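For any residue, its number in our numbering is found by taking its place in the sequence shown, counting from 1, and adding 101. Cβ coordinates follow ideal geometry from the N, Cα and C atoms, glycine included. None of the values given here were measured: they were computed from a predicted structure.
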Amino acid sequence: MKAVVLYGANDFKTVEVDKPVINKDEVLLKVKASAICGTDLRILEGKKTKDVRYPSTIGHEMSGVLEEIGADVKEFAVGDRVSIAPVIPCHGCYYCLSGRENACQNRVAIGYQFDGGFAEYVRIPAIAIKYGHVVKLADHVSFEEGALAEPLSCCINGIKKAGITLNDRVLIVGAGPIGLMHLQLAKSAGASKIIVSEPIDSRRAMAKKFGADIIVNPATEDLKDIVMQHTDGYGVDKIIMAIGVPAIVNDTLKLARKGGTINLFAGFAGTGECTIEANVIHYNEINVNGTTAFTRLDYLSAVSLIAAGKVNVKDLVSHVYKIDDFTKAYETCKSGEGVKVLIEP
Ligand SMILES: [Zn+2]
Ligand SMILES: [Zn+2]
Numbered sequence: 102m103k104a105v106v107l108y109g110a111n112d113f114k115t116v117e118v119d120k121p122v123i124n125k126d127e128v129l130l131k132v133k134a135s136a137i138c139g140t141d142l143r144i145l146e147g148k149k150t151k152d153v154r155y156p157s158t159i160g161h162e163m164s165g166v167l168e169e170i171g172a173d174v175k176e177f178a179v180g181d182r183v184s185i186a187p188v189i190p191c192h193g194c195y196y197c198l199s200g201r202e203n204a205c206q207n208r209v210a211i212g213y214q215f216d217g218g219f220a221e222y223v224r225i226p227a228i229a230i231k232y233g234h235v236v237k238l239a240d241h242v243s244f245e246e247g248a249l250a251e252p253l254s255c256c257i258n259g260i261k262k263a264g265i266t267l268n269d270r271v272l273i274v275g276a277g278p279i280g281l282m283h284l285q286l287a288k289s290a291g292a293s294k295i296i297v298s299e300p301i302d303s304r305r306a307m308a309k310k311f312g313a314d315i316i317v318n319p320a321t322e323d324l325k326d327i328v329m330q331h332t333d334g335y336g337v338d339k340i341i342m343a344i345g346v347p348a349i350v351n352d353t354l355k356l357a358r359k360g361g362t363i364n365l366f367a368g369f370a371g372t373g374e375c376t377i378e379a380n381v382i383h384y385n386e387i388n389v390n391g392t393t394a395f396t397r398l399d400y401l402s403a404v405s406l407i408a409a410g411k412v413n414v415k416d417l418v419s420h421v422y423k424i425d426d427f428t429k430a431y432e433t434c435k436s437g438e439g440v441k442v443l444i445e446p
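Right, here's the structure in full:
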């Protein structure tokens, strides 16, 4: 089969490898759609190395059809259309027990410890089946949508961590796929005003299409002035940082009202070190938090919201490539010209 093999930082290509052989408690996924994520870009460029193996095949946003079923697996049949929740917690550590299975101390993930979705076939390990990480898709849900359940589930976690609720005035920094998913979820959660800040023209147009109330180009407009104008001088209740730029964290903190919450959703390159004025947090009683991955409940919620037509992920797909053209897909993603870029092997 064909797979994208990552040999090291900036060293990857599509090559012929052996088709995975499954054990009797595993299943084999024939990949139909596999999406490239911002995290994948950071891995491919060597900016994220934690839990990354060389050589390996990455890719953690995938859907497809079950092609082989191990003899001991009773809950699935050949031909089942499924989406894979790739991050699998241990269910035994303190974090799992205290409701943070997404941040499990011993979590393993398809696309990290197990070979991932940038391949024609993926071996789905027994623990993924045992803990319910193979999620059947309704017939009307496309494979593209099935693959995008993963980033949507992470955004559901983000919306919860930010505590977005009825009548909140929300700022979303960055209108890439993640910002645009947060925008839709914040609307569903009842936000009364959503301001989106994004320097790329095509992405601002997407934010408009998905119903942002105020759209700002921070390169040519004064974001702080606009935020204050639209919040009676208070600042917003909740902020989602959907872009991992350390240099803007400090200015962004100043856009929250006193007692507001800022969720640093996007991962930062390296350690993400930056300078912040701690007194902004102190005097304004700002809550600062982060988000990693998703719980299985978030994943099931994502699949359910997509199936119910409550979140539109399919219009986020801007480009689709064959696996042989992975490098082109990567370049498109990196340029910011694409919104969500998919591989359909
Ligand atoms: Zn992802
Ligand atoms: Zn755990």
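Query: Length at least 3, wholly inside the segment 286-322: the beta strand (DSSP E) runs in chain order; Result: 294-298, 315-317
Query: Chain-ordered list of residues that sit, by beta carbon, closer than 6 Å to a heavy atom of ligand 1; Result: Cys138, Thr140, His161, Glu162, Glu251, Pro252
Query: Assigned exposure category for Gly312 - 16 Cβ within 10 Å defines buried; Result: exposed
Query: Counted within 10 angstroms of its Cβ, other Cβ atoms place His105 as buried (16 or more) or exposed; Result: For clarity, residue 105 is Val in the given sequence; the question names His instead. Burial call: buried.
Query: Residue from Val242, Thr353, Ala186 whose Cα sits closest to the Cα of Phe395; Result: Ala186
Query: Residue nearest to Thr428 in terms of C-alpha spacing, selected from Lys131, Asn124, Ser293, Asp141; Result: Asp141
Query: Identified DSSP bridge partners for Tyr422; Result: Ile444
Query: Spatial distance of Ala276 from Asp314 (CA atoms); Result: 13 Å
Query: Leu398 versus Val122, Asp119, Val235, Gly147, residue with shortest Cα-Cα distance; Result: Val235
Query: Cys205 beta carbon near ligand 2 (any heavy atom closer than 7 Å); Result: yes
Query: Where Leu356 falls, given that 16 or more other Cβ within 10 Å makes a residue buried; Result: buried
Query: Residues that DSSP places opposite Arg270 in a beta bridge; Result: Lys294
Query: Short Cβ contact (8 Å threshold) for Asn258 with Asn207; Result: no
Query: Whole-angstrom distance between Lys133 and Gly371, CA atom to CA atom; Result: 32 Å
Query: Other residues of its chain near Ile123: CB distance less than 7 Å, five sequence neighbours each side excluded; Result: Leu129, Glu169, Gly171, Arg224
Query: Heavy atom of ligand 2 within 7 Å of Glu322 beta-carbon; Result: no
Query: Same chain, Cβ closer than 7 Å to Cys197, neighbours up to 5 away in sequence not counted; Result: Pro190, Cys191, Cys205
Query: Proximity test, Gly193 beta-carbon vs ligand 2 heavy atom, cut-off 7 Å; Result: yes
Query: Contact the segment 335-349 vs the segment 275-293: 3+ CB pairs below 8 Å; Result: yes
Query: Thr353, buried or exposed, once every other Cβ within 10 Å from all chains shown has been counted against 16; Result: buried
Query: Contact belief for Lys175 with Val271 at Cβ below 8 Å, rounded distance in angstroms; Result: Contact flag wrong, Cβ pair sits at about 45 Å.
Query: Closer than 7 Å: Pro190 CB and nearest ligand 2 heavy atom; Result: yes
Query: Residues near Val350 by beta carbon distance below 8 Å, same chain, minus five either side; Result: Met342, Leu365, Cys375, Ile377
Query: Short Cβ contact (8 Å threshold) for His331 with Ile279; Result: no
Query: Inter-stretch contact (C-beta, 8 Å, three-pair minimum) for the segment 418-437 and the segment 316-326; Result: no
Query: Residue range of the unbroken beta strand (DSSP E) whose run includes Ser436; Result: Run containing Ser436: none in the beta strand (DSSP E); it sits in the alpha helix (DSSP H), 427-436.
Query: Closer than 7 Å: Tyr196 CB and nearest ligand 2 heavy atom; Result: yes
Query: Beta-bridge partners of Leu107, as assigned by DSSP; Result: Phe113, Ser157
Query: Other residues of its chain near Ile382: CB distance less than 8 Å, five sequence neighbours each side excluded; Result: Leu354, Val389
Query: Pair within 8 Å by beta-carbon distance, Phe244 and Ser164; Result: yes
Query: Collapsed DSSP secondary structure at Met342 in the structure displayed; Result: strand
Query: Span separating the alpha-carbon of Asp173 from that of Lys125; Result: 5 Å
Query: C-beta contact flag for Ala292 and Ile327 at 8 Å; Result: no
Query: Sequence ranges, beta strand (DSSP E) only - wholly within the segment 208-240, length at least 3; Result: 222-225, 235-237
Query: Where Lys151 falls, given that 16 or more other Cβ within 10 Å makes a residue buried; Result: exposed
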